[in-house]
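Number of protein chains: 2
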Amino acid sequence: MKKAIGIDLGGTNVRAALVGSDGSVIRRLKEPTTENVFDTLRAMVKELSKEGVEGIGVGAAGLVDKKQGRVILSPNIPSITGKGFDEIGDGLKVYLENDANAAALGEMWLGAGRDFESFVLMTLGTGIGGGFIHRGRLLNVSAEVGHMSVEQAGRKCMCGGSGCLELYASARAITEAVTKAIEGGAESILTQGNIYKLTPEDIYKAAFEGDNLARESLREAGRYLGIGIANLINIMSPDAVVLAGGLTGAWDLYIKEAIKEAQKRAFKSLFDRASIIQASLNDDAGVLGAAYLVFHGEESYIC
Amino acid sequence: MKKAIGIDLGGTNVRAALVGSDGSVIRRLKEPTTENVFDTLRAMVKELSKEGVEGIGVGAAGLVDKKQGRVILSPNIPSITGKGFDEIGDGLKVYLENDANAAALGEMWLGAGRDFESFVLMTLGTGIGGGFIHRGRLLNVSAEVGHMSVEQAGRKCMCGGSGCLELYASARAITEAVTKAIEGGAESILTQGNIYKLTPEDIYKAAFEGDNLARESLREAGRYLGIGIANLINIMSPDAVVLAGGLTGAWDLYIKEAIKEAQKRAFKSLFDRASIIQASLNDDAGVLGAAYLVFHGEESYIC
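Chains as they are written, first to last, in my numbering: chain R, 3 to 305; chain Z, 3 to 305.
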């Protein structure tokens, strides 16, 4: 069986896996993302390539230039902006993709996207990313769905734009909204901890325990997510919208609210034919999709 | 030379043309769109098919179901909602597409899109439509770019959604904004005519003569259009954005403002690589694209 190394450089952790061409994950590695991310990557590749591999796939957060094999801009991992990954391969061919695009390929190959001809993947984490699958192939576009502007006079975004979806609907948006509300005097059981170190999980737990601030913050973010989903349904008319990332744990509040809002806004006939479902590969989606790129190369892409 | 009939059912007029497979327009017909649009279509087809044709392509305003060959919903031409067009063909094969998708094929084949691997077409008229071309083929999706929500708490749209781009940036949006401002007491040379029968051309002319209300209304609509363009650049990373429709006549105010706004909002590297240009086929884009569908069938589409 052929083997490849899949790497997911998506955010706080670097994940790498040795993947078989049958989709099996033979071994997983995980390290925190530090400034010396290239040292981490070299060590991981050295460890995994012992067993003989075809090549390396990298899914990296940010805008990537596949032709030149480099990251154009990565707001979340500044140390990879402008960089390529050929050097980590030690002679092996390296395939570069955006992290959400890689996750979309992973879900298409082995996950929740398997049964759909076309789907939009949204990664709901610190930021919001996207990937478009059409008839079993990845649409070779930026798919920066977190940077659709949904508020004309909205907040300034790190990307240079304003009113971007991820400023209102991401994990960061939710924790910031809760922190700000507590600073402003809102009551919440979350005031018992350090309000500057809140995680989305803290907020989800508080919501589960009935905390009104947590519940309303998740719902508010969900309403914005619903706008983003409706826009993508109206534009891409997908068979499914596959939602990935830790925030999908808050399905009953955040995602249900999003679905309600999307239903209000999207064309009825397009909404009705789009299944809105949870991704199924969790943290493996990115490494599996990156490995898929190694096995399938240009055939991963539309035309 | 092979011949086909291309029909553009895009709005106030029905256009039909006899088109050669070399892209020549052999004959053009134009009739106003009435409730009896099917009678009009049959008469046009009868007239044009005298000279022997391969088939008929129809680009229709609204959501279309290509597989079933019928219009799902056409807010602008209610009489075609739910209808198919096989009967107008009198035995000839009929290909159905959305009108903006057909125009995108036309501009790709013979117009401003010819030199680009991928582009987004936007039709700027009464409403706002879109079509996505990727490596010389049409992406088989709804591309309802006029129904991206760009104002979270925006106006209600006929589509059922709210805050839709076309409520703020279309010809209808501009004339309505001017009429409302004049009702509210705003000064304008446009008060000399019937303010309830304003056309976009009236407003553009007034703007050209220095009328402040006309100028500001075009600029305001342009700013919203810029949000839409930025969103599409961030999502589709196109080589070009091709702008079609009568409103592009107001390039210096409306489109220039849109470009300025898009530049502020889109990822710099994606904005820089996207040419924003005017479509070149004018009213022929739709009929040519519809005829292209006849000549190329399924090969018009991605995969």
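Beta carbons: idealized from backbone N, C-alpha and C, even for Gly. All values reported here derive from a predicted model rather than from experimental measurement.
- Message: Can you look up Gly-291 of chain Z in the DSSP assignment and give me helix, strand or coil?
- Response: helix
Give the C-beta separation of Val-129 of chain R and Gly-148 of chain R to the nearest angstrom, bearing in mind that I take them to be a contact with Cβ-Cβ under 8 angstroms. Sequence check: residue 129 of chain R is Gly here, not Val. Indeed, because the Cβ distance is near 5 angstroms, the residues count as touching under 8 angstroms.
Should the stretch 193 to 209 of chain R be regarded as contacting the stretch 82 to 100 of chain R, the criterion being three or more beta carbon pairs within less than 8 angstroms? no
Taking buried to mean at least 16 other C-beta atoms within 10 Å of its own C-beta, is Ser-2 of chain R buried or exposed? No answer is possible for residue 2 of chain R: the residues shown for chain R start at 3 and end at 305.
Can you name the start and end residues of the alpha helix (DSSP H) that Tyr-206 of chain Z belongs to?
202 to 210
Taking all protein chains shown into account, do 16 or more other C-beta atoms lie within 10 angstroms of the C-beta of Ala-171 of chain Z, making it buried, or fewer, making it exposed?
-> buried
Assess, as a yes-or-no matter, whether the stretch 283 to 295 of chain Z is touched by the stretch 5 to 18 of chain Z under the definition of 3 or more beta carbon pairs within less than 8 angstroms. yes
Inset, instruction - Could you please give the first and the last residue of the uninterrupted beta strand (DSSP E) stretch that includes Ser-219 of chain R? - result: Run containing Ser-219 of chain R: none in the beta strand (DSSP E); it sits in the alpha helix (DSSP H), 214 to 238.
| Neighbouring residues, chain R, relative to Asn-236 of chain Z (Cβ below 7 angstroms) | Ser-144, Glu-146, His-149, Met-150
Per-residue contacts from Gln-70 of chain Z into chain R (C-beta, under 8 angstroms) = Those within 8 angstroms of Gln-70 of chain Z in chain R number zero; the least Cβ separation is about 12 angstroms.
- Task: Would you check if there are 3 or more beta carbon pairs closer than 8 angstroms linking the stretch 141 to 159 of chain Z to the stretch 99 to 107 of chain Z?
- Result: yes
**Study point:** Minimum Cβ-Cβ distance from Arg-267 of chain R to chain Z less than 7 angstroms
**Key:** yes
Span separating the alpha-carbon of Glu-218 of chain R from that of Val-152 of chain R: 20 angstroms
- Are the C-beta atoms of Ile-130 of chain Z and some chain R residue less than 7 angstroms apart? no
Report task. Name, in chain order, the residues that DSSP records as bridge partners for Arg-139 of chain R. Result -> R:His-136
Quiz item: Taking the alpha-carbon positions, what's the Gly-132 of chain Z to Asn-233 of chain R distance?
Solution: 13 angstroms
- Task: Leaving out five residues on either side along the sequence, give the residues of the same chain with a beta carbon under 6 angstroms from the beta carbon of Met-46 of chain R.
- Result: Ala-18, Leu-31
Only counting the same chain, and skipping five residues up and downstream in sequence, which positions put a Cβ closer than 6 angstroms to that of Met-16 of chain Z? Correcting the residue identity first, residue 16 of chain Z is Val in this sequence and not Met. Result list for Val-16 of chain Z: Glu-33, Thr-35, Thr-42, in chain order.
Exercise for review: Just confirm the distance between the C-beta atoms of Leu-94 of chain R and Val-55 of chain R, as a whole number of angstroms; I'd bet it's less than 8 angstroms.
Suggested key: 7 angstroms
**OP:** Could you check the C-alpha separation between Asp-254 of chain R and Ile-237 of chain R for me, to the nearest Å?
**Re:** 26 angstroms
**Report entry** 8 angstroms contact criterion, which Gly-228 of chain R and Arg-174 of chain R should meet: CB distance rounded
**Finding:** Contact flag wrong, Cβ pair sits at about 18 angstroms.
- Where in the stretch 260 to 287 of chain Z do unbroken runs of the alpha helix (DSSP H), each at least 4 residues long, occur, reported from the N-terminal end onward? 270 to 275
Worksheet entry | Contacts of Ser-164 of chain R in chain Z (Cβ-Cβ under 9 angstroms) | Lys-266, Arg-267
Original post:
Going by DSSP, which residues form a beta bridge with Asp-67 of chain Z?
Top reply: Z:Arg-72
Contact set between Asn-233 of chain R and chain Z, taken where Cβ atoms lie within less than 7 angstroms | Met-150, Ser-151
| query | Which residues, in order along the stretch 269 to 288 of chain R, keep a beta-carbon less than 7 angstroms from a beta-carbon of chain Z? | reply | Phe-269, Lys-270, Ser-271, Leu-272
With the cut-off set at 7 angstroms, would you say Ile-59 of chain R and Leu-295 of chain R are in Cβ contact? The question names Ile, yet the displayed sequence has Gly at residue 59 of chain R. Yes, these two residues count as a Cβ contact at 7 angstroms.
Beta-carbon contacts of Lys-158 of chain R that lie in its chain and below 8 angstroms, excluding the five residues immediately before and after:
Ser-164
Using only the alpha-carbon positions, how far apart do Leu-98 of chain Z and Val-66 of chain Z sit? 7 angstroms
Check: In chain order, what residues of the same chain have a beta carbon less than 6 angstroms from the beta carbon of Met-160 of chain Z, not counting five sequence neighbours either side?
Finding: Pro-77
Please classify Leu-123 of chain Z: does DSSP put it in a helix, a strand, or coil? strand
Rounded to a whole number of angstroms, what is the C-alpha to C-alpha distance between Thr-177 of chain R and Ala-114 of chain Z? 46 angstroms
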